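Novice: Supplied in structure tokens, the structure appears directly below.
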Amino acid sequence: MRLTIFGSGYVGLVTGACMAEMGNHVVCCDIDEAKIDRLNKGEVPIYEPGLEAYIARNRESGRLEFTTDAKKAVEHGLFQFISVGTPQDEDGSADLKHVLAVARSIGEHMEEYRIVVNKSTVPVGTADKVSAEIQKALDGRRKSVEFDVVSNPEFLKEGAAISDFMKPDRIIIGTDNPRTTELLKSLYEPFNRNHDRVISMDVRSAELTKYAANAMLATKISFMNELANLAERFGADIEHVRIGIGSDPRIGYHFIYPGAGYGGSCFPKDVQALAKAAAEAGYDATLLNAVEDVNLRQKQRVFEKLQSHYDGDLKGKTIALWGLSFKPSTDDMRAAPSRDLMEALWAAGAKVKAYDPEAMEEAARIYPNQKGLELCDTAYGAVDGADALVIITEWQEFRSPDFDVLKDKLGDAVIFDGRNLYEPEHVENLGLQYYAIGRGRT
């Protein structure tokens, strides 16, 4: 089939590459000329395991193209995927300007029937706005062209997006037209062979499903972080509690790991956008607001532990930081807990020596002139000359360090573990002070 993907960011590139991998002819369109030039040279602007190989293979075969030409893109595909960003507006709502700009472009160039697929995470009712924008552009051209707008939300985890797309848990199709449902089922048939993963519903329910999924996962994380803070005050061990409740199949073990708070491009933005949409609908989403409040507070917990350990005086201290991305297997630092921590440390007069396997370039881009930040080539290089070590991202290479080396290198022989990677008793028996989340020391 012939597909057009508007947007060559995270969702657009993964969608385009995976669709091309299954034999479809895909054109990705973006207004960012520099990004398109890089992609046409074989450079991938984001880090996602497996994505570079997929793009290279399908570019070489001619199944995947990149362009800035919107007219060419609209002419190409029966399916017009909208996969552009929906950044957070100042009031917390989702900003739809990029989505509606694409809709306008489709209406300005469309000459025959098209299925417009909202892949971006958008508020309930966005399909109606997209449809109205396309119709307005058609009316301005005095054209009468049939089209449908559907919701097909993505459920991709950064770091595992290729696998998630190729072997999906579910494929949500939100449309009010049975014909469109069947066409989308045909498009997704190669991803749906073992058993039927397609779940069809109305458009608005599909739009809400995406927000509901992210809000539910964020709620589990904030709830466990709340329990971890209670465990510290009660003298309990949150790791034991986690295993105890996770063994209940009604709860399960997914997303019940306490830590330094959640980040990324989805959970923070989507929870706030859903709460804002609820307020606009006249409903006070108390739980959603609490989830966000708990997370913002949790992002300060490691800094609070550092302050407490150093009696409120961090001036002149050098803190080694392992991890910058908001989670492993990505270079994404959007809303990452590492940013909150570093900015608090700088404000307190401390310096940071940081290492991350993938996010070093991103950190340099975000903080180009920060004198209090030194980006190091290795994890142990970050520890050299540091007073304390903080672990903020649970990369695999941090899970089994040489504690003797850490003890020798760290001036104050202390570790602050924002991801609960180690057993407190083991670390302390090796002569290091150890602060985790919900596991004893406050």
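The sequence shown begins at 0 in numbering that gives the first Met the number 0 and counts up by one.
All C-beta atoms in this analysis are idealised placements derived from N, C-alpha and C, irrespective of residue type, glycine included.
All values derive from a computational prediction rather than experimental measurement.
If you draw a straight line from the alpha carbon of L431 to that of L216, how long is it in whole angstroms?
Specialist: Cα to Cα, L431 sits roughly 34 Å from L216.
Novice: So if DSSP puts F78 in a beta bridge, which residue, or which two residues, is it bridged to?
Specialist: L2, I114, per the DSSP bridge assignment.
Novice: Am I right that F397 and L420 are in contact with their C-beta atoms under 8 Å? What's the rounded C-beta distance?
Specialist: About 6 Å separates the two Cβ atoms, so the contact holds.
Novice: How many angstroms separate the CA atom of Y379 from the CA atom of K34?
Specialist: Answer to the nearest angstrom: the Cα atoms are 34 Å apart.
Novice: How far does the beta strand (DSSP E) with V144 in it extend, from its first residue to its last?
Specialist: No beta strand (DSSP E) holds V144; DSSP gives it neither H nor E.
Novice: With a CB to CB cut of under 7 Å and the five nearest residues on each side skipped, what residues in its chain are close to D383?
Specialist: The residues are K408.
Novice: Suppose contacts are defined by Cβ-Cβ distances below 9 Å. Is I318 in contact with V389 by that definition?
Specialist: Cβ distance < 9 Å, so I318 and V389 count as in contact.
Novice: Express the C-alpha separation of G315 and G245 in angstroms, rounding to a whole number.
Specialist: Each residue's Cα considered, the two are about 42 Å apart.
Novice: Taking three-plus beta-carbon pairs below 8 Å as touching, is the stretch 194-206 in contact with the stretch 224-242?
Specialist: No: fewer than three Cβ pairs fall under 8 Å.
Novice: Using the Cα positions of C27 and K40, report the straight-line distance between them to the nearest angstrom.
Specialist: Roughly 14 Å separates the two Cα atoms.
Novice: In the stretch 401-432, which residue ranges form an unbroken alpha helix (DSSP H) of at least 4 residues, counting only runs that do not cross its ends?
Specialist: List check, alpha helix (DSSP H) in window: 402-408, 423-428.
Novice: By Cβ distance, which residues of its chain are closer than 7 Å to A16, with the 5 residues on each side in sequence left out?
Specialist: Excluding sequence neighbours, A16 sits near L50, Y53, I54, N57, L63.
Novice: Identify, in the order they occur along the chain, each residue of the same chain with its Cβ nearer than 6 Å to the Cβ of W345, setting aside the five sequence neighbours on each side.
Specialist: The answer, listed in chain order, is G371.
Novice: According to DSSP, T66 sits in a beta bridge with which residue or residues?
Specialist: In DSSP, T66 forms a bridge with C28.
Novice: Enumerate, from N- to C-terminal direction, the unbroken alpha helix (DSSP H) stretches of 4 or more residues contained entirely within the stretch 223-275.
Specialist: You should have 237-245.
Novice: For L155, which residues of its own chain have a beta-carbon under 8 Å away from its beta-carbon, when the five flanking residues on both sides are left out?
Specialist: Contacts found: Y9, V10, V13, D163, F164.
Novice: Taking the Cβ atom as the reference point for each residue, do V293 and E225 lie within a distance shorter than 9 Å?
Specialist: Yes, they are a contact pair.
Novice: Would you grab the beta carbon distance between V149 and N117 for me? Rounded to a whole angstrom, and I think it's under 8 Å.
Specialist: Correct: roughly 7 Å between the Cβ atoms.
Novice: Can you give the beta carbon distance from P327 to E393, rounded, assuming they're within the 8 Å contact cut?
Specialist: That belief holds up - the Cβ atoms of P327 and E393 are roughly 6 Å apart, short of 8 Å.
Novice: Please state if the CB of L374 and the CB of A353 are separated by a distance shorter than 9 Å.
Specialist: Contact: yes.
Novice: For the beta strand (DSSP E) containing K326, name the first residue and the last one.
Specialist: Where K326 is concerned, there is no enclosing beta strand (DSSP E), given that its DSSP letter is neither H nor E.
Novice: Enumerated in chain order, which unbroken segments of the beta strand (DSSP E) with a length of 3 residues or greater are wholly contained in the stretch 136-198?
Specialist: The qualifying runs are 146-150, 170-173.
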